[in-house]
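S.K.:
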Amino acid sequence: MYNNYVDLECEVVRGCGEGALYVKKDYYFSLLRSLLGLEPFPGTLNLNLISPIKNYSELCSICKPSFKLETIHLSSTRLGGVIAWYGLLMNIPCLIIRPMLSRHRANIIEVIASMNLRNKLKLKDGSRIKLRIFCSKS
């Protein structure tokens, strides 16, 4: 399923608090639980891409995403699409996502795992970490 990976240096940055709202939505929660194989923690860890890749468009061109969900409409609600990769953050399995309707700058990606990564790894804003992203073959 994966023929290579990309190791990135990233910096932890504060989010706007919306990740938790979306992870808790039934549609996304079910999908994330299926992809992770565990219940996702209701929130995301926001990372600033430092090197060697500096924005998500560049990441998409170098490392094919694991999946891409298109924006859908359920009743009167619009649920934005997501570009995502499987990854490891300090040996913890995770999903790396970029919501298509994101308000973040292009250099910010979000990480979802089954735990509060900020607490588990004792991360603060400005902490530097290594992230491995697996590139899809198909």
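Heads up, the sequence shown is in our numbering, so the first residue is 21 and it goes up one at a time. Ideal Cβ positions, reconstructed from N, Cα and C, are used throughout, including at glycine. The model shown is predicted, which means the values in this text are computed figures rather than measured ones.
Tell whether a beta-carbon distance below 8 Å holds between residue 32 and residue 147.
M.R.: Yes, the Cβ-Cβ distance between residue 32 and residue 147 is below 8 Å.
S.K.: Please report the straight-line C-alpha distance between residue 21 and residue 79, rounded to a whole angstrom.
M.R.: Below a pLDDT of 50, predicted positions are generally treated as unreliable, and residue 21, at 46, falls in that range; no measurement from the model is reported.
S.K.: If contacts are defined as beta-carbon pairs under 8 Å, then residue 86 and residue 156 qualify, I think. What distance do you get, rounded to the angstrom?
M.R.: Between residue 156 and residue 86 the Cβ distance is about 5 Å, and since that is below 8 Å, they are a contact.
S.K.: From residue 90 to residue 100, what distance separates their C-alpha atoms?
M.R.: Answer to the nearest angstrom: the Cα atoms are 7 Å apart.
S.K.: Restricting to Cα atoms, I'd like to know which of 52, 28, 95 and 35 is closest to residue 133.
M.R.: Of the candidates 52, 28, 95 and 35, the one whose C-alpha sits nearest the C-alpha of residue 133 is 52.
S.K.: With DSSP as the reference, label residue 29 as helix, strand or coil.
M.R.: Of the three classes helix, strand and coil, the one that applies to residue 29 here is strand, per DSSP.
S.K.: Could you give the residue range of the alpha helix (DSSP H) that holds residue 137?
M.R.: Run containing residue 137: 137 to 140, per the alpha helix (DSSP H) assignment.
S.K.: Quick one: what's residue 71 bridged to in DSSP?
M.R.: Note: residue 71 sits in a beta bridge opposite 29.
S.K.: Residue 149 and residue 109 look like a contact to me (Cβ under 8 Å); what is the Cβ gap, rounded to whole Å?
M.R.: The Cβ separation is near 7 Å, so the contact holds.
S.K.: According to DSSP, what are the bridge partners of residue 118?
M.R.: 103, per the DSSP bridge assignment.
S.K.: Work out the CA separation of residue 151 and residue 56 for me, nearest whole Å.
M.R.: Distance between the alpha carbons of residue 56 and residue 151: 17 Å.
S.K.: Quick one: residues in its chain with C-beta nearer than 8 Å to the C-beta of residue 112, no 5 flanking neighbours on either side, listed in chain order?
M.R.: So the list reads 133, 135, 137, 140 and 141, once near-sequence residues are dropped.
S.K.: Going by other Cβ atoms of all chains shown within 10 Å of its Cβ, with 16 needed for buried, is residue 72 buried or exposed?
M.R.: Burial call: exposed.
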